[in-house]
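Written out below as structure tokens is the structure these notes cover.
Residue numbers (our numbering): 9 to 385.
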């Protein structure tokens, strides 16, 4: 999404520079990509976060430093002196730490922070613990995120990617700084299903994404076992761990109707399925996979909480339900299977329902307006 943001703003005539982190020890300027300048800066922590083989103590130390790490200030000063920006838009700040909000503000520059997940509230960024989503930060996360709460006062405006996410942060009393909602958008091409047919011939269900417990893959498999009729299940994406893969294989128990595809091309994946299920157990901030599915005229079943509820239009492009309840999830899938007219209606409603989520220029214009507001303030 950072790439889409940067390139869309560049196309609107703005000079855009991405300052990002890298494993090198010095500041390095890279060749521009699609009109976007790139400057890579060293991580001022005990190791580059993508390095493997770090022990638990090293990882804990890295995260504790990242809670509020002022060591990037000199590097940031050099880059800002070189670029001379009017506004700084922050996206993922893992590795930078929230200290950069204060550092940027001290240079008399407005700061916009795009909030893509729950990482400002939760150490893992997913608000999910012991198999359940968290309704508020636990004691440990409150402690780990004190630096974020403190430094949030230096942000000019927060940008959330859904109203649900904005309200959740508000309910958690994260910050009193003003905020806005700008929906994500992806430049997707719309395709019509080559053959609608009768889904009862074999309704092909699909789930796509990194396969983890909080994404709800196991709930979907258990719901799949309860379905009555001719179904197949296509599972696309990499497993988060070998242990989770083994658990999944054991849960499938050799059922030939379930296909583990591994990493796949999203367009090709959606072309071969009839119904996408996004059974998230955590608070999805947005959920681009649902938009990608609708772009290929594949209706969706999603969780009835989180940002996904702002993509699905109930009875128009899909249905929502309590995906934490296996029986409820199965009943919702069964409803679409049993009612052919409903299925056809959902298919026909997919494209129009996502118009704003594939309009990148709309998204860029909204961000542009917020930039202008904080600059002129």
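Backbone N, C-alpha and C define an ideal beta-carbon position, used for all residues, glycine too.
All values reported here derive from a predicted model rather than from experimental measurement.
Could you give the C-beta distance for residue i and residue j, rounded to a whole number, given that I count them as a contact under 8 Å?
{"i": "residue 326", "j": "residue 170", "result": "Not confirmed; about 16 Å, so no contact."}
{"i": "residue 252", "j": "residue 216", "result": "Going by Cβ atoms, the distance from residue 252 to residue 216 rounds to 16 Å, so no, they are not a contact pair."}
{"i": "residue 49", "j": "residue 35", "result": "5 Å"}
{"i": "residue 368", "j": "residue 12", "result": "6 Å"}
{"i": "residue 274", "j": "residue 240", "result": "Not really, about 18 Å apart at Cβ, beyond 8 Å."}
{"i": "residue 289", "j": "residue 224", "result": "5 Å"}
{"i": "residue 125", "j": "residue 102", "result": "So it is not a contact: roughly 10 Å between Cβ atoms."}
{"i": "residue 106", "j": "residue 155", "result": "5 Å"}
{"i": "residue 195", "j": "residue 366", "result": "7 Å"}
DSSP has residue i in a bridge; who is on the other side?
{"i": "residue 212", "result": "240"}
{"i": "residue 120", "result": "97, 165"}
{"i": "residue 34", "result": "Beta-bridge pairing links residue 34 to no other residue."}
{"i": "residue 342", "result": "DSSP output for residue 342 lists no bridge partner at all."}
{"i": "residue 141", "result": "136"}
{"i": "residue 329", "result": "311"}
{"i": "residue 50", "result": "30"}
{"i": "residue 367", "result": "DSSP lists no partner for residue 367."}
{"i": "residue 267", "result": "242"}
{"i": "residue 6", "result": "Since the first and last residues shown for the chain are 9 and 385, residue 6 lies out of range."}
{"i": "residue 219", "result": "247"}
{"i": "residue 82", "result": "According to DSSP, residue 82 bridges with nothing at all."}
{"i": "residue 45", "result": "25"}
{"i": "residue 358", "result": "Answer is none; residue 358 lacks a bridge partner."}
{"i": "residue 286", "result": "310"}
Report yes if the C-beta distance between residue i and residue j is below 8 Å; otherwise report no.
{"i": "residue 370", "j": "residue 193", "result": "yes"}
{"i": "residue 361", "j": "residue 324", "result": "yes"}
{"i": "residue 364", "j": "residue 177", "result": "no"}
{"i": "residue 372", "j": "residue 20", "result": "yes"}
{"i": "residue 182", "j": "residue 136", "result": "no"}
{"i": "residue 197", "j": "residue 303", "result": "yes"}
{"i": "residue 306", "j": "residue 341", "result": "no"}
{"i": "residue 18", "j": "residue 44", "result": "yes"}
{"i": "residue 214", "j": "residue 277", "result": "yes"}
Quick one: Cα of residue i to Cα of residue j, how far?
{"i": "residue 100", "j": "residue 94", "result": "20 Å"}
{"i": "residue 151", "j": "residue 377", "result": "35 Å"}
{"i": "residue 319", "j": "residue 350", "result": "18 Å"}
{"i": "residue 254", "j": "residue 381", "result": "51 Å"}
{"i": "residue 6", "j": "residue 243", "result": "This structure does not reach residue 6, given that the chain is present from 9 up to 385, and the question cannot be answered."}
{"i": "residue 259", "j": "residue 229", "result": "8 Å"}
{"i": "residue 234", "j": "residue 172", "result": "31 Å"}
{"i": "residue 231", "j": "residue 354", "result": "21 Å"}
{"i": "residue 123", "j": "residue 157", "result": "14 Å"}
{"i": "residue 179", "j": "residue 28", "result": "31 Å"}
{"i": "residue 133", "j": "residue 352", "result": "37 Å"}
{"i": "residue 142", "j": "residue 222", "result": "11 Å"}
{"i": "residue 63", "j": "residue 245", "result": "27 Å"}
{"i": "residue 46", "j": "residue 338", "result": "47 Å"}
{"i": "residue 30", "j": "residue 76", "result": "19 Å"}
{"i": "residue 166", "j": "residue 384", "result": "17 Å"}
{"i": "residue 55", "j": "residue 328", "result": "42 Å"}
{"i": "residue 348", "j": "residue 272", "result": "29 Å"}
{"i": "residue 270", "j": "residue 248", "result": "11 Å"}
{"i": "residue 14", "j": "residue 104", "result": "19 Å"}
{"i": "residue 393", "j": "residue 344", "result": "As displayed, the chain neither begins before 9 nor continues past 385, which places residue 393 out of reach and without an answer."}
{"i": "residue 301", "j": "residue 284", "result": "7 Å"}
{"i": "residue 311", "j": "residue 82", "result": "44 Å"}
{"i": "residue 379", "j": "residue 10", "result": "16 Å"}
{"i": "residue 201", "j": "residue 359", "result": "11 Å"}
{"i": "residue 294", "j": "residue 130", "result": "17 Å"}
{"i": "residue 174", "j": "residue 257", "result": "37 Å"}
{"i": "residue 291", "j": "residue 147", "result": "19 Å"}
{"i": "residue 189", "j": "residue 58", "result": "31 Å"}
{"i": "residue 16", "j": "residue 114", "result": "28 Å"}
{"i": "residue 79", "j": "residue 261", "result": "51 Å"}
{"i": "residue 199", "j": "residue 149", "result": "43 Å"}
{"i": "residue 287", "j": "residue 140", "result": "13 Å"}
{"i": "residue 212", "j": "residue 153", "result": "42 Å"}
{"i": "residue 138", "j": "residue 144", "result": "14 Å"}
{"i": "residue 296", "j": "residue 250", "result": "26 Å"}
{"i": "residue 53", "j": "residue 32", "result": "12 Å"}
{"i": "residue 92", "j": "residue 71", "result": "31 Å"}
{"i": "residue 330", "j": "residue 24", "result": "42 Å"}
{"i": "residue 317", "j": "residue 168", "result": "15 Å"}
Using a Cβ-Cβ distance cut-off of 8 Å, determine whether residue i contacts chain B.
{"i": "residue 252", "result": "Included in the structure is just one protein chain, with no chain B present."}
Please indicate yes or no: does the CB of residue i lie closer than 7 Å to some heavy atom of the ligand COA?
{"i": "residue 363", "result": "Because no ligand of any kind appears in the structure shown, any question about the ligand COA cannot be addressed here."}
(request) For the segment 118-129 and the segment 78-92, state whether three or more C-beta atom pairs, one from each stretch, are separated by less than 8 Å. (result) no
(request) Tell me, please, whether the segment 333-352 touches the segment 265-274 by the rule of three or more beta-carbon pairs shorter than 8 Å. (result) no
(message) For the segment 59-74 against the segment 38-48, do three or more pairs of beta-carbon atoms, one drawn from each stretch, fall closer than 8 Å, so that the two count as touching?
(response) no
(request) Tell me, please, whether the segment 107-114 touches the segment 158-165 by the rule of three or more beta-carbon pairs shorter than 8 Å. (result) yes
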